[in-house]
Each structure stands twice: as C-alpha cells, then as structure tokens.
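Asker: Numbering (my numbering), first residue to last: 25 to 184.
The beta-carbon is built from N, C-alpha and C at its ideal position, and this holds for glycine as well.
Owing to the predicted nature of the structure, the values given are computational and were not obtained by experimental measurement.
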Amino acid sequence: MTFEINETHDQDLKSWVESANAPDTDFPLQNLPVCSYRRKDTDEFVRLGVPIGDQIFDLSLADQARLFDSEGGALPIYTEGEATLNILEVFDFESIESNAFRSRMQKLFGEDADEETKATISRCLTPLAESEFFLPFEIADYTDFYCSIYHATNVGKLFR
C-alpha cells in the first residue's frame with residue numbers, strides 16, 4: 025500500500041491544538057492515525073478516534089456533531105461495542121474518501137479553524153492519558169515467516 029504525498033503532509037502545517045505542534049509529539053497535524061479506544065476505567069463501548077497531540081478526537085461524537093457533513097457525507101458507519109473494531113473494514117485507506125477524510129481533519133484542526141468549530145471539536149476530545157487502547161483490527165492466524173533473509177535461509181535448510 026503506497027500513499028500519495030500531498031498538501032496534507034506539509035511540514036509547516038500548524039494546529040490550534042498546541043500539543044500537536046510540539047517537536048517531540050507522535051501525533052502532529054501531518055500524522056493522524058485512526059485508533060480504537062475508550063476512556064480508562066469505564067464500561068463504554070470501544071470507539072474509533074484520531075490522536076492529535078496529547079488528545080484523541082472521538083469520531084463517533086464528531087459524527088453526531090455533524091463535523092463531516094459539509095464535506096460530502098458523514099463518516100463510514102460502524103458498530104459500536106464490538107470488542108475490536110476492524111478499522112480496515114471501516115476505512116479504505118487507499119480510497120478517495122480516505123484522502124477527503126484526511127483533508128477534512130486538517131481543516132478542522134488547522135490553525136485557521138474558526139472559534140465555533142474549535143468549541144465543537146473540543147467537546148469531542150479526550151486526553152490520551154485518560155484513554156485505553158485496543159487492537160485496531162483482528163490479527164489473523166497467519167504469520168509471514170519469510171519476512172527476513174534469516175527466516176528464508178532457515179526454511180530453505182528444512183527442505184534440503
């Protein structure tokens with residue numbers, strides 16, 4: 025899977041979420057992965073979110089707040105409450121919709137976002153430190169034992 029480098033990867037992009045601008049952050053505006061999480065010490069459903077800085081943007085709350093409607097449609101439908109939400113089934117990361125989602129996220133979190141948008145988004149944020157994470161997809165029972173020259177050599181020895 026390859027990704028097109030476009031304006032969403034511009035290293036000069038800044039966010040109104042101050043922690044996303046820190047030089048040592050794992051989640052700047054250019055790196056917005058999708059994750060499965062819930063707030064710590066709760067029995068809430070596992071939900072999808074996008075880490076940014078030291079926060080997680082709750083996609084379920086964002087969808088309810090209609091933050092994605094103006095960009096040509098709501099978020100993909102998913103079932104809350106599954107032990108593991110299969111992100112790969114929810115998002116087609118090679119699709120045009122995925123690129124539109126990424127662009128929309130950067131508009132929402134960009135330093136030029138208006139105050140009303142910031143206030144709405146702030147209600148959809150959960151601190152990373154107050155969250156627990158789950159596998160983003162079910163890991164199948166297949167392992168690629170040919171992943172290195174060492175494994176390939178060892179397997180070759182078995183068949184000689």
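Please classify I29: does DSSP put it in a helix, a strand, or coil?
Answerer: DSSP places I29 in coil when its eight states are reduced to three.
Asker: Here's the rule: buried if 16 or more other CB atoms are within 10 angstroms of the residue's CB, otherwise exposed. What is P151?
Answerer: Flag for P151 reads exposed.
Asker: Report all residues from its chain with a CB closer than 8 Å to the CB of G77; omit the five preceding and five following residues, and keep chain order.
Answerer: These residues qualify, in order along the chain: S39, V41, E42, S43, A44, N45, A46, T49, F51, P52.
Asker: Can you grab the Cα-Cα spacing for the pair D136 / D82, in whole Å?
Answerer: If I take the Cα positions, the gap works out to 21 Å.
Asker: Below 8 Å on the Cβ atoms is my contact criterion, and I expect Y61 with F133 to pass it. Report the Cβ-Cβ distance as a whole number of Å.
Answerer: Actually they do not touch by this definition, with Cβ atoms about 18 Å apart.
Asker: What do you reckon, are the CB atoms on S127 and T66 nearer than 9 Å?
Answerer: It is not a contact, given that the beta carbons lie outside the stated cut-off.
Asker: What are the residues that DSSP puts in a beta bridge with I145?
Answerer: The partner list for I145 (beta bridge, DSSP) is empty, contrary to what the question assumes.
Asker: Of the residues R63, N30, F183, P75, which one's Cα is nearest the Cα of N55?
Answerer: Nearest option by C-alpha distance: P75.
Asker: Do S155 and S63 count as a contact pair if the criterion is CB distance below 9 Å?
Answerer: For the sequence presented, residue 63 should be read as Arg rather than Ser. Yes, the pair counts as a contact, with Cβ atoms nearer than the cut-off.
Asker: Enumerated in chain order, which unbroken segments of the alpha helix (DSSP H) with a length of 4 residues or greater are wholly contained in the segment 43–96?
Answerer: Counting whole runs of 4 or more residues, the segment 43–96 contains the alpha helix (DSSP H) stretches 83–88.
Asker: Check this for me: beta carbons of L159 and I80, under 9 Å apart or not?
Answerer: No, the pair does not count as a contact, with Cβ atoms beyond the cut-off.
Asker: I'd like the span of the alpha helix (DSSP H) that includes G180, first residue to last.
Answerer: Taken as a continuous stretch (DSSP letters only), the alpha helix (DSSP H) holding G180 covers 173–182.
Asker: Are F92 and F69 touching if we call contact CB-CB under 9 Å?
Answerer: Result no, Cβ atoms of F92 and F69 do not sit closer than 9 Å.
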